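In the working numbering, each residue's number is its place in the sequence shown (first place is 1) plus 41. Think of the CB as a built atom: it goes at the ideal place given N, C-alpha and C, for glycine as much as any other residue. For clarity, every value in this text was computed on a predicted model and none was experimentally measured. Okay, so here's the structure we're looking at.
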Amino acid sequence: MAEQAGNLTFGIIKPDAVRAGKTGAILQRITDAGFKLRALKLIHMTKPEAEGFYAVHRERPFFPDLTAFMSSAPCVVMALEKENAVKSWRDLMGATDPAKADEGTLRKEFATSIGENAVHGSDSEENAAAELAYFFSRLEFV
Ligand code: GDP
């Protein structure tokens, strides 16, 4: 996979969007935007698993709320393939705060607040590789 690292990123359809029945609509938007799904599964994170995933944010005031939210219900984790995948996926997601997200972005359409903002995407190739490895084994990639 190393030779394709630049074309792969990691995404999550967060618990708010899954709970609201938006999984199918978001997956359609992802494939319509030209991403190929290389790995996909529904998981329900424990609080420690969410804390491990967001460890970089552990000193932030919203860390307890964020990890409680992310472990509150199932979410969908994904490996997404496209040229320039990290930036392409973050462009499709939109700004963290849906009030600031551009028209046509997933957060504009599906997010309800800065905390419950429908989707996650890695912010660098390095983090994408680490986050993919956190959730997927080699055999889960197609
Ligand atoms: P992202 O890369 O756009 O997801 O944003 P960040 O890396 O800055 O934050 C990670 C996640 O923490 C966001 O997607 C939100 O779910 C949550 N978050 C960020 N800022 C806030 C905040 O001010 N309040 C709350 N409750 N959650 C936040």
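Closest by C-alpha distance to residue i, when choosing among the options
{"i": "LEU78", "options": "ARG60, LYS88, LYS63, ILE67", "result": "ILE67"}
{"i": "PHE177", "options": "GLU157, SER129, LEU83", "result": "LEU83"}
{"i": "GLY52", "options": "ARG60, LYS141, PHE76, VAL97", "result": "PHE76"}
{"i": "PRO115", "options": "THR64, ASP164, SER154", "result": "THR64"}
{"i": "SER154", "options": "GLY145, ASP164, PRO139", "result": "PRO139"}
{"i": "HIS85", "options": "LYS141, THR108, LYS123, THR146", "result": "THR108"}
{"i": "LYS123", "options": "GLU90, PHE103, ALA74, GLY145", "result": "ALA74"}
Residue i versus residue j: straight-line alpha-carbon distance, rounded
{"i": "LYS55", "j": "ASP143", "result": "19 Å"}
{"i": "THR72", "j": "ASP106", "result": "31 Å"}
{"i": "ARG99", "j": "ALA80", "result": "27 Å"}
{"i": "GLU150", "j": "ALA159", "result": "9 Å"}
{"i": "LEU173", "j": "VAL183", "result": "13 Å"}
{"i": "GLY93", "j": "TYR175", "result": "9 Å"}
{"i": "GLY47", "j": "ASP164", "result": "12 Å"}
{"i": "ALA96", "j": "ALA152", "result": "23 Å"}
{"i": "THR146", "j": "GLN69", "result": "13 Å"}
{"i": "PRO89", "j": "PHE103", "result": "16 Å"}
{"i": "LYS141", "j": "ALA91", "result": "26 Å"}
{"i": "ASP57", "j": "ARG131", "result": "18 Å"}
Residue i, buried or exposed, once every other Cβ within 10 Å from all chains shown has been counted against 16
{"i": "LEU133", "result": "buried"}
{"i": "ARG101", "result": "exposed"}
Whole-angstrom C-beta distance between residue j and residue i, which should lie under 8 Å
{"i": "ARG148", "j": "GLY135", "result": "4 Å"}
{"i": "LEU121", "j": "LEU180", "result": "Going by Cβ atoms, the distance from LEU121 to LEU180 rounds to 18 Å, so no, they are not a contact pair."}
{"i": "THR87", "j": "SER112", "result": "6 Å"}
{"i": "PHE110", "j": "GLY62", "result": "In fact, because the Cβ distance is near 18 Å, the residues do not count as touching under 8 Å."}
{"i": "VAL117", "j": "VAL59", "result": "6 Å"}
Contact between the region 160 to 169 and the region 125 to 132 (3+ Cβ pairs under 8 Å): yes
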